[in-house]
Structure formats: C-alpha cells, structure tokens
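*Asks:*
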C-alpha cells in the first residue's frame, strides 16, 4: 500500500557527457557571488575545476573559493563555511565533489544566516529552517557517486569532539536547485571510493526496502534499482571507465535516495545509524562502514523479516525457490549480499576500518535507534552486531 | 547506457486518503479566479465535487465552471475553454477528472492567450510556447488513473473533422503545479474505465521499455513498475475497492509516464500512434485501442527485438528460461500479455471498438510513424497489424 505523503522535488538535473555545458546557463538564475566549495583538490588534476571555472567566468560570477572539505565534514568546517558565506553575502553555494561536499554546502546554506549554534539547532535538535529564515541556494557538480545528495535534502555533519555523526534531512528549499551529472567526471575516483559509493547506494535501497509486509510499488522499484546496480557494479569494478556501467550507477544512486522508493512506506535505516556511529569514532569511509556491519545486522534481524529477505533472494539475486524453505531463501539472500561485498571489494570487517573491541560500547551508545525496521534493537544487540562485524 | 538529458519535474503531489485536505493550501499560490473543468458530472454524484468546492471556498476563490469535457477532448471544446479562460482572465485552471480533463486543461493553458489557431500551432505543427507567451497554471484533482497526465506535460486533443488525434508534450511550465491523488477517488470509476486505465499504464511502460539493446537502469525501473502493475491489477479487477491495489496502481501510473523510465534511452510509441488514429476514427476509449492493437503489433516486430521480448518474459512475467530458445521466450512474453489482457477484461479486438475493414486504410493514413522502436513500419504493415487486430 502507498501511504499518505507529499512529493515534490525541485532539483533540475543535467545528465551526460556534455552536462557541464549547461552550467553557465544554470548559474544565470542566481546572483553574482558564488561560494565554490570542494575537497582536497583532485578536481584541479582531472580538469573538472577548469570546466567549472570556465562556466562561472562565462556567467560573469564573482567566485569565493572554499576548499578542503573533508570526507566526513566537521562542525568546525561547517562554521568556517557559514562565516565565509555570510561575510561575503554569497548568492549561491556551488559544491563540486561527492556527497560530503554537497552535504557540506547544504549545512552552510542553513547555518550561514542562522544566529545561534547551527550544529545544536539543525543537527542535534533536528530543527527545520522557519519561514523567513534566509537559506542560501545550493548547486552541485557531482564527481563521486553514492549518497544521492545531488537530488535530496540530506546533510550529514560530524562532531569529532562529541563523537557524533548526525544526518538531517532538510526540505525542498535546501535541496540543490540544479546538479550536473557527468558520468565521466567519476572515472578518476579511486577504486576504493567508487566501491564505497556502490555499497552506499545498495544500502540506501535496502534501508527502504527491508521494512513492511504489504504489497507496495516502491518495493518493486527498489528491486529494479538493485538489479541494475548489481549488474553495473560487476562491470565497473573490472572496467572503471565503462560509460554504460558508470552512467547506470550514477542514475541509480540519484533515484535510490531522492525519496521516490521510500514514499508511502515504512523504512529501516539501522545500518546507516550504526555506520554513522562508526564514522564518528574512526573517520572511516561511509560506504565501507555500511558494508562492514550489514551482514551481521541482517543475520540478526532475518527471522523478523524472513518473508522480505526471501523475496529479495527471488526477485533481486535470482535465487530459485525450488526445494528451499522461506528461511533458507532468506538466508541465501544475505549470503549473496556477503558474496557481492567481497566480489566488488567493499569492507567485510569493521576491524579493517580501525574499529577495536574497546570502541564497541561507545559506538553502540552513539547509535541512534530507529524503529521502522523489522526489529527494534537495544544497546546489547548493537554491541553484538558490532562484535560479529569485527 | 543513460544518454544525455535534462530532468526537471515541478509538480507537487499530495497522495493519500486525505490528499484533498491539502487543496485549499495548494490553491494559495495562485490568484483569485479559478476555471474549474470537469467531465460529464460524475464528480457531483460521488462527493468529489463537494470536496473541491469546499477547498475553493476556504481558499476564497471565484470559480468559473466549465463542464462537459469529453473522453477525447475536441478542438472545438478546447477553443471554447480557451475563450472562457481568456474572457474571465483566470489565474488557474483546476482540472478535476482523469487524463482527458487534465490534458484538456493543459491545452487551454497554452491556447487561451495564443493569438492564432492553437490546434494548428501547438498540435499539428508541434510548436512550443515561446518565452513571454502567457501560460495559465494548471492544477489537478485526479479521479481516474492511467494517462499520467497529473505529472507530465502531455496533452492529447482530437479533431473529429480532420480525423486526427494528436498528442503534444509541453514543457515544465504547462505541467500541473500540483495534483491531488486520492486512491479512494478512483473507486467509483466504471470497471471498463479502470481496466482501460490499467492497460494504458502497461502500454506507457512497454512503449519506453521495448527499444534499445543496451543495459539501462530505466529498463530495470520499467520492469519493477510492470511487476507491481500486474500484481495489483489482478487484485483490483476482483476487488475494485482494495485500497492497497488501487493506491499501487495510481502511483505506478504516475511514474510510468513522468519521463523517469524513458530518460536517456530510445523509445517506441507506435502502439499509441496506431491507437490514437483509431480514437480519431471511432471515439473509442484510449486504453482499449491500445490493448486492441498491442498483440498484433508486438508479434509483427518481435523478431527485430527478440532479445528484449525474451527479457520481458524472464524479468516481468517470470517465465522460466530453461528448455526454451530466445525466440520461444520472446513469443511467450507476448502471449502472456495477450492472456493478461483477457484476464483483466481489456479489449482484444478492435472490431469491438467499432473499427471496420473499410476504416483500416484511413486509420493507417492517420497514424504518425515513429522511428525509435525495433522496426520502422510502413503503411502496408500498419494496415496488416490493424487487420490482424480486428
């Protein structure tokens, strides 16, 4: 059943090899001052920086640069960006990078003109900007695929002192007004980052899929996205510059987390909650924290959601039902996921991400407990799942 | 491969049992004069008219009513609506009905302030409104499911004198600004109309799916939508008031034709072209014209697209590959579609829609020939397909 909801998505996407040729036009809708944010500077080595600066020049923009956005953007970095955006009174924040950079731009977007502690207000207390509060528009040039941040309101910020990594889903005003999606811009991403992104996509889909017992169109769409992702991931890990595979993965990532496949249904999100807590403790790559805990988590909740795991086996992994019990089928789905994690080279063990036995209790404490999945976890169960994931 | 495209969809959807409770709020964004369009008046018998008038009253709107929109809206009716919209200088056209009524509202939207022959300009010559040309915003309350008109720019208008039924896909300015989607509003639709809508949805998906030989995420999404539709249609024909089934069908219809599953890929659309020509000759229900010609058309083109038909058999109809050639599998997909048409009660023969042997040449003449599918048809082939569909 499709439940009650409001759907609205204001992001205009420019997709394809020549997508960046639209950037100068897309910039016309905004004022003259642009805050250009990016990460460690890889965009200066692969030509993307030049494409973007050219478009900004053609559009006649005054550019303020803010680089050094880290993979897990911190509160301090957010506050620095907010100050720069405010002092320069920028009209647009243009994020060039992956999910971290776009998430970061959204955080600045709301924090710049907020008088108070933006971390406490928007992230810890999960408050929304109120009507009349100034929000700076965000645009994006995507260079790394996975988070779906290019077409949603999500923003994840880390507080290393408090050991908290918190995601906030903002509304349509904070979503990117436009995003440039050129699959070739992702070719030079290091293999590990590509694989982490691929698992992040799979996890987004599973978080929305593995909940509910009703018949729901969203679940069929989720199955389609997973089948496409599995097919293309197997090509991409062998041939990172295969345009067909990389373009499919890019498009799958966008639709895996722009609300479509979660509309009108319950959702889980515990893998992300545990993964984010690991990220706060270790600064590990997001997608790898998810692959590292997924198998132990799914084995733990399998009995409670057996029917859906069995459906996952049949409809996504193509495992024949004949001669198998529902329980065997459900288990086979999880083992197929475990095999695929190894096949693409994602992390199977969180010890490889720097997690130690001593951290487990703290990570479990830092984990937000969600209630939409097949089973609501307690502290001890989270510690057990983490231990089994070591 | 996902090709190059721009994606943007401005429609806000309010979905669910209480969706109409959002209408008064949604109306606030527009001026005071609303042109309310609807069909033969069934909305006055099922309570929907009252819900809509209440919302218009709460929102303080002045309402001009324009009823009598027919299943295949005509040029004369479009011109009448355009005149009324212009004379009253309306700020919004609110369509309450199915695809015909919403298509009609879009046609008025562009025709009202166009100086000249709107039929020739927008439909025959397929021109787009130019920047600066006034477009009246459109809103929709959906009461019949199938066309996807609630979230796209499509509008189909019929010229009975010229015996032409032409679809035009307008841009984002003409797309509904909002749409109210309450599955319960579709419960009282006559069974034949519900079934015609269900086949229309299937046809929209197949038109986009049955083209191209590459690996494309869009095709996986299409498979998911088809599986959901087949499952829910089997419930809905037995229990028309099954909310789960009707809500899934409603949501599937929207995403079957709001550009998502066609992005970045080639498309066919010949079933619609032939079906529309039949509609111009017979005034038959749109969805039934599509079911009536689909099987003969697909048998005719099967050899050219064998691989995709075989994939349809495996991934949508769940037909096991074992022991079958690709050709046998492909054929099985078409026969499964033929069986499903009978099962849900859609038309299998166009003679039942009033088509006679004498009309075939004229219908073939009135058929626009598209080139995106597996085979480009000529006049004689269209006549043959029509004859086999009698």
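Chains as they are written, first to last, in the working numbering: chain L, 136 to 525; chain Z, 136 to 525.
Using N, Cα and C, we set each Cβ at its ideal position, and we do this for glycine too.
Just so you know, these numbers come straight off a predicted model, no measurement behind them.
1) For residue 400(Z), which residues in chain L fall below 8 Å Cβ to Cβ?
2) Measuring CA to CA, which of 308(L), 291(L), 310(L) is closest to residue 301(L)?
3) With residue 149(Z) as the anchor, note down where its beta strand (DSSP E) starts and where it stops.
4) So which residues on chain L does residue 150(Z) lean against when the C-beta distance must stay under 9 Å?
5) List, in order along the chain, the chain Z residues whose C-beta lies closer than 8 Å to that of residue 185(L)?
6) Taking residue 501(Z) and residue 514(Z) to be in contact with their CB atoms under 8 Å, please state how far apart those CB atoms are, rounded to whole angstroms.
7) In whole angstroms, give me the CA-to-CA distance for residue 247(L) and residue 266(L).
8) Can you tell me which residues form a DSSP beta bridge with residue 274(Z)?
9) Does the stretch 396-410 of chain L touch the stretch 350-368 of chain L, meaning 3 or more C-beta pairs lie closer than 8 Å?
10) Less than 8 Å between CB atoms is the rule here; does residue 359(Z) satisfy it with respect to chain L?
11) Starting from residue 341(Z), find everything on chain L with Cβ-Cβ shorter than 9 Å and list it in chain order.
12) Starting from the beta carbon of residue 362(Z), find every residue of chain L whose beta carbon is closer than 7 Å, and list them in chain order.
13) Which residues of chain Z have a Cβ atom closer than 7 Å to the Cβ of residue 160(L), listed in chain order?
14) Quick one: what does DSSP say residue 197(L) is sitting in, helix, strand or coil?
15) If you follow the alpha helix (DSSP H) that residue 301(L) is part of, which residue opens it and which one closes it?
16) Mind pulling the chain L residues with CB within less than 9 Å of residue 104(Z)?
17) Could you check if residue 309(Z) is buried or exposed, using at least 16 other CB atoms within 10 Å of its CB as the buried criterion?
18) Tell me which same chain residues have a C-beta within less than 6 Å of the C-beta of residue 517(Z), skipping the five on either side of it?
19) Relative to the alpha-carbon of residue 490(L), which residue among 143(L), 417(L), 145(L) has its alpha-carbon at the smallest distance?
20) Check this for me: beta carbons of residue 588(L) and residue 456(L), under 8 Å apart or not?
21) Counting only Cβ-Cβ distances shorter than 8 Å, please list the residues of the stretch 303-330 of chain L near chain Z, keeping chain order.
22) Please report the residue range of the alpha helix (DSSP H) in which residue 364(Z) lies.
23) Give the DSSP-derived three-state secondary structure of residue 294(L) in the structure shown.
24) Roughly how far, in whole angstroms, is the beta-carbon of residue 426(L) from the beta-carbon of residue 476(L), given that I think they are within contact range, below 8 Å?
25) Per the contact definition of three or more C-beta pairs closer than 8 Å, is the stretch 276-290 of chain L in contact with the stretch 178-188 of chain L?
26) Using beta carbons (cut-off 8 Å, strictly below), is residue 394(L) in contact with chain Z?
27) Measuring straight from C-alpha to C-alpha, what distance separates residue 216(L) and residue 202(L)?
28) Starting from the Cα of residue 372(Z), find the closest Cα among 194(Z), 346(Z), 322(Z) and give me that residue.
29) Would you list the residues sitting across from residue 168(Z) in a DSSP beta bridge?
30) Name, please, each residue of chain Z whose Cβ falls closer than 9 Å to the Cβ of residue 133(L).
31) Comparing alpha-carbon positions, which option in 145(L), 504(L), 161(L), 268(L) lies nearest residue 406(L)?
32) Let's test the definition: count the other Cβ atoms within 10 Å of the Cβ of residue 335(L) and tell me whether it reaches 16, buried, or not, exposed.
33) Over the uninterrupted alpha helix (DSSP H) stretch that includes residue 405(L), give me the two end residues.
34) Taking a cut of 8 Å between CB atoms, which residues from the stretch 239-263 of chain Z lie near chain L?
35) For residue 358(Z) and residue 451(Z), which I take to be in contact (beta-carbon distance under 8 Å), what is that distance rounded to the nearest angstrom?
36) Note the first and the last residue of the continuous alpha helix (DSSP H) segment covering residue 329(Z).
*Replies:* Taking the geometry as given:
1) Going along chain L, no residue has its Cβ under 8 Å from residue 400(Z), so there is no contact; the nearest lies around 11 Å.
2) 291(L)
3) 140-150
4) 137, 138, 139, 140, 141, 142, 398, 399
5) Neighbours of residue 185(L) on chain Z: none; closest Cβ ~21 Å, over 8 Å.
6) Between residue 514(Z) and residue 501(Z) the Cβ distance is about 11 Å, and since that is not below 8 Å, they are no contact.
7) 16 Å
8) 229(Z), 313(Z)
9) yes
10) yes
11) Simply none; closest approach about 15 Å.
12) 355
13) None at all; the shortest Cβ gap to chain Z is about 10 Å.
14) strand
15) Counting along the chain, residue 301(L) falls outside any alpha helix (DSSP H), though it belongs to the beta strand (DSSP E) covering 299-304.
16) Past the boundaries of the shown model lies residue 104(Z); chain Z is included only from 136 to 525, so the question cannot be answered.
17) buried
18) 499, 502
19) 417(L)
20) Because residue 588(L) is not part of the residues shown, which for chain L are 136 to 525, the question remains open.
21) 318
22) 352-373
23) strand
24) 5 Å
25) yes
26) no
27) 10 Å
28) 322(Z)
29) 197(Z)
30) No answer is possible for residue 133(L): it lies beyond the span of chain L, which begins at 136 and ends at 525.
31) 504(L)
32) buried
33) 405-417
34) none
35) 5 Å
36) 326-344
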